[in-house]
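Quick note on numbering: this note's numbering labels position 235 of the sequence shown as 360, and the sequence is numbered without any gaps. Accompanying notes for the structure given below.
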Amino acid sequence: MASYKFSILITTKNRLDDLKITLRKIKPLIDNDTVECIICDDGSTDGTFKYLSEHYPEIDVFRHETSKGLIYSRNQLLKKTKAQYAISLDDDANFLTDNILINIENYFLNNSKCAVLALRVFWGLEPPATILSKEKSERVSGFVGCGHVWRMEAWRDIPEYPSWFIFYGEEDFAAFQLYKKNWEIWYAPEILVHHRVNILKRKHQKDYRLRLRRSLRSGWYLYMLFYPKSLIFKHWASSVFSQLKRKVFKGDIKAFVALMQAMGDVCINLPKLFKNCNRLTAKEYKEFIKLPQAKIYWKPINEDS
């Protein structure tokens, strides 16, 4: 395999129309001699693999005949690349700023402890009215999957993403592992990613209950894996009460079902949770929670909430 400085990693499943837009928008990056692009087709039935093979022979694409899940697929992509820096993009995300490769390399060269760059992400079907931001770069506690960059040396220094999480939580899992290894995560507002989704409409989509179930259980998994024992029940109870107050008591039956299913998932996975725990000490926890949280949403002031 040729040696590249950068790799763009994308996992996709049955979203060929979104993927076509993404690839069209990042084509200048794909054509760059220092960049490889690897795509995992996680069991698509919409002709994704055939389309990529015919229209993008320069892309290294591999396929799972049956879906293995998002997190498993991301692990496979990260294992496959030989690049120094791996750019992770969702199949419905693209860059809105220029010179991203120079900015990425400069961040890593100027901070030897930087393991992950958490990019600035705008969530919305249409791009923002402006791409400018007054935000400053800073160390943060986490990052999101739809737009970040790994220093591959750091990824290989920690356990791989927990594929048994299936969906959600893998970035936070990595963030805790990195913290335990004295690696850092930095927010890079200069690099703007457009995640082309309408997050407010997800509640009305057919996979709402499944997404909520997986989101809840991943948070609870993380409590049990990394929080000091004395804090686990407190945070779990707070999470449950929040769901009851904000959703269930207001008549959201799907949220109640998701809550019960997530509790069952935790019980089933207790052996894995005990086996893989890597808890923060009380001192480490106090220092960790002082860090600014992951910059998950970014909205310009003229956008509706």
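Backbone N, C-alpha and C fix where the C-beta goes; we use that ideal spot for every residue, glycine too. Quick caveat, the model's predicted, so the values are computed rather than measured.
Query: Our contact map puts T147 next to L195 with C-beta atoms below 8 Å; I'd like the distance itself, whole angstroms only.; Result: At roughly 16 Å, the Cβ-Cβ gap does not stay under 8 Å, so T147 and L195 are not in contact.
Query: Identify the residues that DSSP records as bridge partners of T136: which are they?; Result: C165 and D215
Query: Is the Cβ-Cβ distance between K138 and G168 less than 8 Å?; Result: yes
Query: Does D429 come out as helix, strand or coil in the three-state DSSP assignment?; Result: Because D429 sits at a pLDDT of 41, beneath the cut-off of 50, its placement in the model cannot be relied upon, and the point is left open.
Query: Classify F301 as buried or exposed, calling it buried when 16 or more other Cβ atoms lie within 10 Å of its own Cβ.; Result: buried
Query: Please state whether the Cβ-Cβ distance between L203 and W275 is less than 8 Å.; Result: yes
Query: Mind checking who Y312 pairs with in its DSSP beta bridge?; Result: A243 and E263
Query: Could you tell me how far apart the beta carbons of I316 and N228 are, in whole angstroms, since I believe they sit closer than 8 Å?; Result: 6 Å
Query: Apart from the five residues on each side of it in sequence, which residues of its chain come closer than 8 Å, Cβ to Cβ, to N307?; Result: K238
Query: Using the three-state DSSP reduction, which class does F381 fall into: helix, strand or coil?; Result: helix
Query: Excluding the 5 residues flanking E285 on each side, which residues of the same chain have their C-beta closer than 7 Å to its C-beta?; Result: N200
Query: For the alpha helix (DSSP H) that F399 lies in, which residues bound it at each end?; Result: L395 to N401
Query: Is it buried or exposed for D142, if we count other Cβ within 10 angstroms and need 16 for buried?; Result: exposed
Query: Could you tell me which of I291, I163, E260 and K375 sits nearest to S340, measuring between CA atoms?; Result: I291
Query: Give a yes or no on contact between the region 404-415 and the region 350-357, applying the rule of three or more CB pairs nearer than 8 Å.; Result: yes
Query: Using a 10 Å radius around the Cβ and a threshold of 16 neighbouring Cβ atoms, would you call K420 buried or exposed?; Result: buried
Query: Reducing DSSP to helix, strand and coil, say where G272 ends up.; Result: strand
Query: Given V391, which residues of its chain have a CB within under 8 Å of its CB, disregarding the five upstream and five downstream residues?; Result: R342, W345, Y346, M349 and L398
Query: Report, in whole angstroms, the separation of the C-beta atoms of A313 and Y232, which I expect to be a contact under 8 Å.; Result: 6 Å
Query: What are the boundary residues of the beta strand (DSSP E) that includes F187?; Result: D185 to H189
Query: Measuring CB to CB, does G262 end up less than 8 Å from I310?; Result: Position check: residue 262 holds Ser in this sequence, whereas Gly was assumed. No; because the gap between Cβ atoms is not below 8 Å, this pair is not in contact.
Query: With burial defined as no fewer than 16 other Cβ atoms inside 10 Å of the residue's Cβ, what is the status of L257: buried or exposed?; Result: exposed
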